[in-house]
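What follows is a set of notes on a single structure, which appears directly below.
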Amino acid sequence: MLSVVGIGPGSLDLLTERARARISSADIIMGNERYIELIKAIIPTSAELIIGKMGTEVERAKKAVELGNRKNVVIVSGGDPGIYGMAGLTLEVSGDSDIDVELVPGITAASAAAALLGAPLSNDFAVVSLSDLLVPWPEIEKRLEGLAMMGIAVAIYNPKSKSRTTQLERAHEIFMQFRDGETIVGIVKNAERVGYYSEITTLDDLPDFYHQIDMSTTIIIGCSGTKNIGGRMVTRRGYERKYNYDLGETDSHERGDSVAAGARVWEQSKAIVADIVSKYPLSEHERRVAGRVVFANADPSFMDLIVFKHNPIEKGIQCIQDGQTIITDIEMVKAGISKRYRGNVKCFVNNPKTMEIAVKEDLTRTAAGFRIAKELIRNNIVVIGNAPSTCLELSALIKEGIKPALIIATPVGFVNAAESKEDMLSTGIPCIVIRGPRGGTPSAVAITNAIIELSFVEEK
Ligand code: SAH
2 MLSVVGIGPG SLDLLTERAR ARISSADIIM GNERYIELIK AIIPTSAELI
52 IGKMGTEVER AKKAVELGNR KNVVIVSGGD PGIYGMAGLT LEVSGDSDID
102 VELVPGITAA SAAAALLGAP LSNDFAVVSL SDLLVPWPEI EKRLEGLAMM
152 GIAVAIYNPK SKSRTTQLER AHEIFMQFRD GETIVGIVKN AERVGYYSEI
202 TTLDDLPDFY HQIDMSTTII IGCSGTKNIG GRMVTRRGYE RKYNYDLGET
252 DSHERGDSVA AGARVWEQSK AIVADIVSKY PLSEHERRVA GRVVFANADP
302 SFMDLIVFKH NPIEKGIQCI QDGQTIITDI EMVKAGISKR YRGNVKCFVN
352 NPKTMEIAVK EDLTRTAAGF RIAKELIRNN IVVIGNAPST CLELSALIKE
402 GIKPALIIAT PVGFVNAAES KEDMLSTGIP CIVIRGPRGG TPSAVAITNA
452 IIELSFVEEK
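In this text, residue positions in the sequence shown follow this note's numbering: the first is 2, and each later residue adds one.
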């Protein structure tokens, strides 16, 4: 009897009972060193081990078929033997012989990785291997193009090895051609094994993690329905189209959650803020925006610091309704911006060229990010929540004639923050700032989201 047994991703408690039973009654166990090592604890002492190296699979399968006529032979295969494993080859080699080949399925890497990331494969998905040892590379590229175009989640096996490093870069290029850079991507290395590592990132930022990726890594490229929900990668299946429920998609941290207790706190906060802002001689829109800053910081003194110049809110609403881009100084500001508009937000601080420019021109990274964004800044919205140096760079760009449509500037700090914001107020461009050294990401995000909210309300 010959059994081809899937042993799952690694941890023994993810082995099926059937796999365990076949292993414990085996006379001979064959497999490569890594898999044998993983199941060492449950190998019966009476079993003979035949350890094979990568590349000797055909010989091993032939030998297994031959021995299987007389003994209980088990070929162990990582994950599921039918998925890039030993099942197919064993059946091919056994051909017309009488031997009874049994296939015992296992938990494949994609399932194990998916569970560790969240639920990225909840809708249609595909699996592709980047190994060109057995399939010619041009053929793999064709498959990648087709899959990238299809817009379904894709689990990538064999992304990279010591000798194969360029395939992943090429695959990334292909996905970038057809999918949004913001697409969520999950990386899982050594799922259910020693050395486990995982990361949820975006297609744009995947190259930042190449150094983590190896032979024991599975990458899952999400699709447009894939979201980062509370740090978990989830591909929405469509329930949200049929039923009304809150998946954390709204900015619940700002609006209060939908359960009654949360709603009560939210209502009370709103009343307190309304009372505070009513004492200031501001327009209705200005009160809404300033109120959000007071709320975000739980600090009424921001009412004395916020300045609106040249009808900035109306300009902002117009820009948002036209779908214009928002450029932020740091990722944290971008991350805080309402999900309904975040697709239109760009941040260049982690752009591969930023570091080079920063070093060469003696700039901060955020300022270098703005230099890269130069052309995009023209007539779009700029939100600076952190770095005064970015305001200085923006001043220089404005002098060159690169004028944004609206500036929201709340950088924070003892050095240059206050001065840099005064500079913004004197540009003649519609502008909202928090005067003095205070401000920061919460204020920048509060102002921006208040304007986004007004834009959507006004549109209806
Ligand atoms: N038959 C196996 C796949 C063999 S191909 C299965 O069904 O899982 C080998 C590839 O699988 C690796 O390059 C890697 O991409 C993936 N893989 C296997 N085990 C893994 C693990 N524990 N964690 C992450 N990826 C894994």
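C-beta: ideal position from N, C-alpha, C; glycine also.
Within the DSSP secondary-structure output, M234 pairs in a beta bridge with G119, N229. Three or more Cβ pairs closer than 8 Å define a contact, and the stretch 143-151 falls short of that threshold against the stretch 183-201. Where A418 is concerned, the enclosing alpha helix (DSSP H) starts and stops at 418-426. Taking C-alpha positions only, K340 is separated from A451 by approximately 13 Å. Around the Cβ of I43, a 10 Å sphere holds fewer than 16 other Cβ atoms; the residue is exposed.
For the options G223, G182, D97, N191, the alpha carbon positioned closest to that of P208 is the one of G182. As DSSP reads the structure, M31 sits in a beta bridge with I51, I76. At least one heavy atom of the ligand SAH lies less than 6 Å from the C-beta of A110. Distance from G96 to I8 at the Cβ level is roughly 25 Å; contact not present, criterion being Cβ atoms closer than 8 Å. In this structure, G80 has its beta carbon less than 6 Å from a heavy atom of the ligand SAH. Here the alpha carbon of K161 sits roughly 30 Å from the alpha carbon of I358. For the set F415, V128, E454, I453, the Cα lying nearest the Cα of R436 is the one of F415. Of the residues assessed, H286 falls on the buried side of the cut-off, its CB having 16 or more other CB atoms within 10 angstroms. Boundaries of the alpha helix (DSSP H) around L148: 138-151. Under a 10 Å Cβ-count criterion, E60 is classified as exposed, with fewer than 16 other Cβ atoms of the shown protein chains found around its own Cβ. A distance of 7 Å or more separates the beta carbons of V360 and I331. For the set K375, P438, E423, the Cα lying nearest the Cα of C432 is the one of E423.
Here S390 is buried. Its C-beta has 16 or more other C-beta atoms within 10 Å. Under the three-state reduction of DSSP output, V350 falls in the coil class, being neither helix nor strand. The three-state secondary structure of E268, taken from DSSP, is helix.
In this structure, D305 is the residue among R293, D305, N298 with its C-alpha nearest to the C-alpha of K280.
V384 is positioned such that its CB atom lies closer than 7 Å to that of I409. At a threshold of 6 Å, A192 counts as near the ligand SAH, since its beta carbon sits closer than that to one of the ligand's heavy atoms. Counting every other CB atom within 10 Å of its CB across the protein chains shown gives N159 a total of 16 or more, marking it as buried. When the beta-carbon positions are compared, F309 and V274 stay at least 7 Å from each other.
Judged by their CB atoms, K63 and I29 are not nearer to each other than the 7 Å cut-off. Counting only the Cα atoms, K335 lies some 9 Å from I327. At a threshold of 6 Å, Y85 counts as near the ligand SAH, since its beta carbon sits closer than that to one of the ligand's heavy atoms. In this structure, the straight-line span from the alpha carbon of A291 to that of P301 is close to 10 Å. Contact annotation: I76 and M31 have beta-carbon atoms nearer than 7 Å.
For A156, the pairing in a beta bridge is given by DSSP as V128, I221.
N159 has its Cβ nearer than 6 Å to a heavy atom of the ligand SAH. Between the ligand SAH and S217, a heavy atom-to-CB distance of less than 6 Å is present. The C-beta distance from T428 to I448 rounds to 17 Å, too long to meet the 8 Å contact threshold. Note on geometry: alpha-carbon atoms of L145 and D323 lie some 34 Å from one another.
Bridge partners of A410 according to DSSP: I385, V434.
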